[in-house]
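A.B. asks:
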Amino acid sequence: MNTNPYGFNQYIKDILVGGKSLVVGLWITFKRLCTRIVTVQYPRQKLTMTANFRGHIEAIRFDDTKSHHCVACGLCARTCPSHVIKVQGEKARAGDKKVGTRYYIDFSKCSLCGLCVDVCPEQTITFSKEYELVYYSRWDTVIDIMGRLEGSR
Amino acid sequence: MNITQLPYIKDVYGFLGSDVMSGLVGLLIIAALVPLNVAFLVLVERKVAGHIQLRPGPMEVGPHGILQTLIDAVKLLGKEMVTPSSTDKLLYWLSPIIVVAPAFVGFIPLPFSPLVQIKDVNVGFLLIFSFSSIGVISILMGGWASNNKYSLIGAVRSVAQNVAYEIPLLLATMPIILMTNTFKLGEIAQAQAQSGLWFIFYQPIAAIIFFIATTAETNRAPFDLVEGESELVSGFHTEYTGMRFSLFFLAEYTNMVIAAALFTTFFLGGWHGPVLPGAVWFFAKTYFLLFVVMWIRWTYPRIRFDQLMNFAWKILIPIALVNLFITAIVLKVL
Amino acid sequence: MLTAGQKKLLVELKSSLAESVPEGQISESDYAAKGYHLDVRLQKGGVRRVAQIMLDRRFILETVTAVDFIDSFELVYLYSTYYQQQVRLLVRIRIAKDAQPYSVSAIYPGAIWLEREVYDFFGIRFQEHPDLKRIINPDEADYFPLLKNFGKTKFTDQIDDILC
Amino acid sequence: MLNIKTIDDATISQRVYQLNLGPQHPSTHGVMHLLLTLDGEVVVKIEPIIGYSHRGHEKMAENRIYEQFLPNPARMDYLSGMIFNHGYCMAVEKLCGIEVPRRAEYIRVITSELNRIASHFIGTMDYAMGLGAITPFLWGWDDRENILDLLEMISGSRLTYSYGRFGGVRNDITKEFYDGTRKFIDRLRSRFWDYENLINQNVIFIKRSRDVGVITTEDALAFGVTGPTLRGSGVKYDVRKNEPYSAYPEFKFEIPTRKEGDCLARYQVRMAELEQSINIIEQALDHLPPGPVRAKVPRFVTPPEGDCYVTFESARGAAGFYIVSDGTRVPYRIKVRAPSFSNLFVLTKICPGHFLADIVAIFGSIDVTVPEIDR
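Note that the protein sequences, when read in sequence, are chains A, B, C and D.
By our numbering, the letter at position 21 of the first sequence is numbered 21, and the numbering carries on one by one without gaps.
Here our numbering = 1-based position in the second sequence + 1000.
Here our numbering = 1-based position in the third sequence + 2000.
Here our numbering = 1-based position in the fourth sequence + 3000.
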């Protein structure tokens, strides 16, 4: 059996091995033709997000104060790489702690990196499971998540 | 036995007149059959491609996406036919028309069943192949006229490819002509029906070469270098939009149907089949072959252009010639 | 810790570098903290001589980069090897703001793009570079972005106090 | 191959025309512009033009404190976001001398290897699609989807994970992730046979890839090529083995290499690396140590003055972070060594003489991500 790559039987062997690989390829696609489809038809069926999913930021409602714990320290606003957070807070009376009243986030620039959630000393903001962050106008994206929590503003 | 000889049709036919009328009726049938056929095939291709790739294919329009191609056609009709300014207007406008014309003519000699055949032209075999080579000129015109480098490369490739694969195609069908010494497709199908043994068993090599050559002739599957998406964007019909683009699409799928129909006529015994009437067998075999062509398309990568040429000139043509030579000797001896 | 092979190679390197670039200071640095074994600080020049030695010992030129120290640039060449013992070498050279160092693209063809990027971001023109033009920024840009006085940085004192 | 040297420059200048492959083209894996000078269908000269997706990561680094730069590495090479994130955290930890607990190191290795498998799926199947086989690409997406779901379970995002923090990782891995990974590995092993026979043995695929775009070891040395592209040319260099970092010394795995250095060799190296990554993940899952996932680290780190260079094995080659710190919270200079940058430049040396269809194949087989080149 001469091993000269350009010998005649090498030529025949190539054709046979080649042909077999083509037929095996067809068999594999046929096997996949009969397997169940795996895609989810998105607008019709929607997937539920996992526990840790990072949707857009929202404030947590605690049961002791029936509202969030934000003290408007501004730490999250400082660590945000894209500077999208604006926090306002006020003190009811001189002595006691500040309470956050307005908490604006511009979701068109927020990169959902999660640095603000980690750095918040009061652990009062977290990620929602919402992934459809689409708005009709650029100004709709600036949301006051405190207002949304109380549902008043 | 032509459709006109049947008793109850004869008097109606008498009224309709001579062969010219039957030709006209036949062309009307083709004009209805071909677009419907293409619509069905486009849908089947997208469904087959989908299920091979573990996704359901079009599901939105109509139950299980049946009306998808219809809506596509309406969409393409609605789309504006953009003509880029720097194109060669006449050739650009003419090319889609010339690509569709031979596709329709190819249906005339096809023997759907002993009764149903538009016209059993006595040179049916030559008619189909000569008209199919006109399609190449239109691809060249389209590619050259749209003044786009990708289209030009695609067009030049398609000419070389069609020329290279026309020869093995004809050489592969020559043994059939030798065996039945007639060009009339009806008689070829008839010969297989009488002998009961399909020609594929006599000529397996010719069948394989014919199948490969027709896949290359219609720019399908591993030979679709003419509109190789990942290299030439989409080859010669890059600049075509709207109805013109769908005409190219129509022509491609019609050529595919004619190629499959020819394969069934030459090798799979045309309308010959045990129980069911002729036409059902013919369409069953043709559509099975079309499924195989689609199946191949979604399995293999694309051949490079020089390998395409080597494959035709150095492998297909020698084998086809040897096969023809052996058939001639065997027929002489018997 | 350094293996025996690495120690031997380092000694060899130090000797060959010392006699080819006498005025350079070659100091061994702690790999665990710094990430490179040898820190070569060149004074006047010799970048190409070092590059030639490195090529002869089959090192690859990992990166060419520059650091803008307001009054001068520091060109940093990083060599590492994968043929013999794993060793990484950092060669630095302090050049004036308008100096034109020699390009090592004759020795390492890969440096053509690396030096084009340094020119694109710092404006350091390399002599004998085959085609020194911008690589990433638009060709008609007249600014060099990574300079410290470009845009808002600590040194342009327009920076708001939010950061540090 | 047409021998370019025989055509002298005079005739070349007449018959040659320029073709823009990109920036908007189906097979450029991102916004890459290859300016080809073609003589008929044979490439005479190729010049990659980059910069279309340049966002100035290195300039951003000079305006942000170390923590704020954490989301950026994943956006440089978005296909190996976890690996780059891991690399950046390692660089700052080395600078500040932070000690990372063993469990965090193991989790980092597991997530990096999962990310490497996902990235190699894109690399290999995108290469197959460049040759015209569209079906394997979608099968690759199907397998990759499982990995993305797994990583989403723990990090919360599918592509731009900011999972690493200085001193460890953001949160621990869940039981669901643990079982999910086991199940994923078994399913993936059963699928290797399909990929092997549909692509690797396919005669058309072999004909299109054998002896196309051969990179010799000399070229690789001169151009600084690293990663699977280098291992395809026979050099056994993998940062995980040559300069072991993180928890890699504790795992047994080989470095697959091929000698031919052509497109097929690179494809086979990447497919073999999938199996090695699976071995690593299994060993890491078996010996996952208990303990904290994050060391005690001040809220904003302030590294001492000085510089350091950390290299790590991304899916495309030896990436690296060179950080110069001036003692404040803001890095003075961060230079990112992008492996795709050098891998791409070798194209100018090996492409002349090939056909147009081969250029798409070679470009696909080098597997670059464009944002990593433009940074």
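Quick reminder that beta carbons are idealized off the backbone N, C-alpha and C, glycines included.
#1: B/Pro1318 lies in the alpha helix (DSSP H); which residues open and close that run?
#2: Going by beta carbon distance, what residues of the same chain come within less than 7 Å of C/Leu2163, once the five residues before and after it are set aside?
#3: For the beta strand (DSSP E) holding D/Glu3041, just list the boundary residues, first then last.
#4: Cβ of D/Phe3166 within 9 Å of Cβ of D/Val3092?
#5: So with Cβ pairs under 9 Å, would you call D/Pro3023 a contact of chain A?
#6: Got a sec: is the Cβ-Cβ distance from C/Gln2086 to anything in chain D below 9 Å?
#7: Looking only at its chain, what residues have a beta carbon closer than 6 Å to the beta carbon of B/Ile1258, apart from the 5 residues adjacent to it on each side?
#8: Since B/Ala1335 contacts B/Leu1232 with CB under 8 Å, what's their CB separation in whole angstroms?
#9: Taking any Cβ of chain D, which residues in the segment 94 to 124 of chain A have a Cβ under 8 Å from it, in chain order?
#10: Give me the subset of the segment 1041 to 1073 of chain B whose CB atoms are less than 9 Å from a CB atom of chain D, sorted by chain position.
#11: In angstroms, rounded to a whole number, what distance separates the CA positions of B/Met1021 and B/Ile1052?
#12: Looking at chain B, which residues of the segment 15 to 43 of chain A have a Cβ within less than 9 Å of any of its Cβ atoms?
#13: Excluding the five sequence neighbours on either side, which residues of its own chain have a C-beta within less than 8 Å of the C-beta of D/Ala3361, listed in chain order?
#14: So which of D/Trp3141, D/Ala3118, D/Asn3197 and D/Ala3061 has the shortest CA-CA distance to A/Gly19?
#15: If we count the other Cβ atoms within 10 Å of its Cβ and call it buried at 16 or more, is D/Arg3015 buried or exposed?
#16: If you draw a straight line from the alpha carbon of D/Met3001 to that of B/Asp1224, how long is it in whole angstroms?
#17: What residue does the beta strand (DSSP E) around D/Leu3021 start on, and which one ends it?
#18: Can you look up D/Ala3319 in the DSSP assignment and give me helix, strand or coil?
#19: Checking the sheet assignment: what are the DSSP bridge partners for D/His3033?
#20: According to the neighbour-count rule (16 or more other Cβ atoms, all chains shown, within 10 Å of its Cβ), is C/Ser2020 buried or exposed?
#21: Going by Cα to Cα distance, which pick from D/Gly3097, D/Leu3079 and D/Asp3219 is closest to D/Gly3030?
#22: Answer yes or no: do D/Thr3124 and C/Ile2060 have a C-beta to C-beta separation smaller than 9 Å?
#23: Runs of 3 residues minimum, wholly inside the segment 3038 to 3123 of chain D: which ones carry the beta strand (DSSP E) assignment?
#24: Which chain B residues are close to D/Phe3205, counting only those with a beta carbon under 9 Å from its beta carbon?
#25: So, helix, strand or coil for A/Ala59, using DSSP?
#26: My guess is that A/Met49 and A/Lys129 are in contact by the Cβ rule of under 8 Å, so how many angstroms apart are they, rounded?
#27: Identify the contact partners of D/Asp3374 in chain C, using a Cβ-Cβ distance below 8 Å as the criterion.
#28: Less than 8 Å between the CB atoms is what I'm expecting for B/Tyr1300 and B/Ala1221, so what's the real figure, rounded?
#29: To which residues of the same chain is D/Glu3372 closer than 6 Å at the C-beta, ignoring the five residues directly before and after it?
#30: So, does the segment 1058 to 1075 of chain B touch the segment 1101 to 1116 of chain B, judging by three or more C-beta pairs under 8 Å?
#31: Got a sec, what are the start and stop residues for the beta strand (DSSP E) C/Ser2027 sits in?
#32: What residues in the segment 1282 to 1316 of chain B bring their beta carbon closer than 8 Å to a beta carbon of chain D?
#33: Using C-beta distances below 6 Å, list every residue in its chain close to B/Gly1235, excluding the 5 sequence neighbours before and after it, in chain order.
#34: What alpha helix (DSSP H) runs, 4 residues minimum, are completely inside the segment 2083 to 2159 of chain C?
#35: Looking at the C-beta of D/Asp3307, does it have a partner C-beta in chain C at a distance below 9 Å?
#36: Would you mind giving the Cβ-Cβ distance between B/Pro1084 and B/Thr1327, rounded to the nearest angstrom? I have them listed as a contact below 8 Å.
C.D. replies: Per the coordinate set shown:
#1: Taking the first residue of the second sequence as position 1, residue 1318 of chain B is located at position 318. Residues Ile1317 to Val1333.
#2: Sequence index remark: in the third sequence, residue 2163 of chain C carries index 163 (1-based). A caution first: C/Leu2163 carries a pLDDT of 49, below 50, which makes its placement in the model too unreliable to give a value.
#3: Against the fourth sequence, residue 3041 of chain D aligns to sequence position 41. Here D/Glu3041 belongs to no beta strand (DSSP E), and DSSP marks it neither H nor E.
#4: The residue labelled residue 3166 of chain D in the question sits at position 166 within the fourth sequence. The residue labelled residue 3092 of chain D in the question sits at position 92 within the fourth sequence. Cβ atoms of D/Phe3166 and D/Val3092: closer than 9 Å.
#5: Taking the first residue of the fourth sequence as position 1, residue 3023 of chain D is located at position 23. D/Pro3023 does not count as touching chain A.
#6: Numbered from 1 along the third sequence, position 86 holds the residue referred to as residue 2086 of chain C. C/Gln2086 counts as touching chain D.
#7: Taking the first residue of the second sequence as 1, we reach residue 1258 of chain B at position 258. Correct list, in chain order: Gly1106.
#8: An answer regarding residue 1335 of chain B cannot be provided, because it is not within the stretch 1001 to 1334 covered by chain B.
#9: Ser111, Leu112, Cys113, Gly114, Leu115, Asp118 and Val119
#10: Ala1049, Ile1052, Gln1053, Leu1054 and Arg1055
#11: Here residue 1021 of chain B is taken as the residue at index 21 of the second sequence, counted from 1. Here residue 1052 of chain B is taken as the residue at index 52 of the second sequence, counted from 1. One C-alpha to the other measures close to 46 Å.
#12: Ile15, Leu22, Gly25, Leu26, Ile28, Thr29, Phe30, Arg32, Leu33, Cys34, Thr35, Arg36, Ile37, Val38, Thr39 and Gln41
#13: Position 361 of the fourth sequence holds residue 3361 of chain D. Tyr3127, Gly3130, Leu3131, Arg3208, Ser3209, Val3212, Gly3213 and Cys3263.
#14: As a position in the first sequence, residue 19 of chain A is number 19, starting the count at 1. Closest by alpha carbon: D/Asn3197.
#15: For this step, residue 3015 of chain D is matched to residue 15 along the fourth sequence. It is exposed - the Cβ of D/Arg3015 has fewer than 16 other Cβ atoms within 10 Å.
#16: In the fourth sequence, counting from the first residue as 1, residue 3001 of chain D sits at position 1. In the second sequence, counting from the first residue as 1, residue 1224 of chain B sits at position 224. Low confidence applies to D/Met3001: its pLDDT is 46, below 50, so where it sits in the model is not reliable enough to give any reading.
#17: Start at 1 with the first residue of the fourth sequence, and residue 3021 of chain D comes out as number 21. Taken as a continuous stretch (DSSP letters only), the beta strand (DSSP E) holding D/Leu3021 covers Val3016 to Leu3021.
#18: On the fourth sequence, residue 3319 of chain D is found 319 positions in, with the first residue counted as 1. Looking at D/Ala3319 - three-state DSSP - the assignment turns out to be strand.
#19: As a first step, residue 3033 of chain D must be located in the fourth sequence, where it is residue number 33. Note: D/His3033 sits in a beta bridge opposite D/Ile3049.
#20: Residue mapping note: residue 2020 of chain C aligns to position 20 of the third sequence, counting from 1. Flag for C/Ser2020 reads exposed.
#21: Translated into the one-based positions of the fourth sequence, residue 3030 of chain D becomes position 30. Selected option, being the one with the closest Cα: D/Leu3079.
#22: For the purposes of this step, residue 3124 of chain D is taken as the residue at position 124 of the fourth sequence. For the purposes of this step, residue 2060 of chain C is taken as the residue at position 60 of the third sequence. Cβ distance not < 9 Å, so D/Thr3124 and C/Ile2060 don't count as in contact.
#23: 3042 to 3049
#24: Position 205 of the fourth sequence, counted from the first residue, corresponds to residue 3205 of chain D. What D/Phe3205 touches in chain B: Tyr1300 and Pro1301.
#25: Reading the first sequence from its first residue, position 59 is the one you call residue 59 of chain A. Strand.
#26: Stepping through the first sequence from its first residue, residue 49 of chain A is reached at position 49. Stepping through the first sequence from its first residue, residue 129 of chain A is reached at position 129. Right, their Cβ atoms sit about 4 Å apart.
#27: One-based indexing of the fourth sequence puts residue 3374 of chain D at position 374. Result: Ile2136.
#28: Locating residue 1300 of chain B in the second sequence gives position 300, counting from the first residue. Locating residue 1221 of chain B in the second sequence gives position 221, counting from the first residue. That pair is a contact at about 7 Å.
#29: If you number the fourth sequence from 1, residue 3372 of chain D lands on position 372. If we look at D/Glu3372 and ignore the five residues flanking it on each side, its Cβ neighbours are Met3076, Asp3077, Ala3338 and Ser3340.
#30: no
#31: The count along the third sequence starts at 1 and reaches residue 2027 of chain C at position 27. Unbroken beta strand (DSSP E) run through C/Ser2027: Gln2025 to Glu2028.
#32: Trp1298, Thr1299, Tyr1300, Pro1301, Arg1302, Ile1303, Arg1304, Phe1305, Asp1306 and Gln1307
#33: Counted from its first residue, the second sequence places residue 1235 of chain B at position 235. Excluding positions up to five away in sequence, the list reads Gly1154, Val1226 and Glu1227.
#34: 2111 to 2122
#35: As a working note, residue 3307 of chain D is residue 307 in the fourth sequence. Yes, because at least one Cβ of chain C sits closer than 9 Å to the Cβ of D/Asp3307.
#36: Position 84 of the second sequence, counted from the start, is the residue given in the question as residue 1084 of chain B. Position 327 of the second sequence, counted from the start, is the residue given in the question as residue 1327 of chain B. About 50 Å separates the two Cβ atoms, so there is no contact after all.
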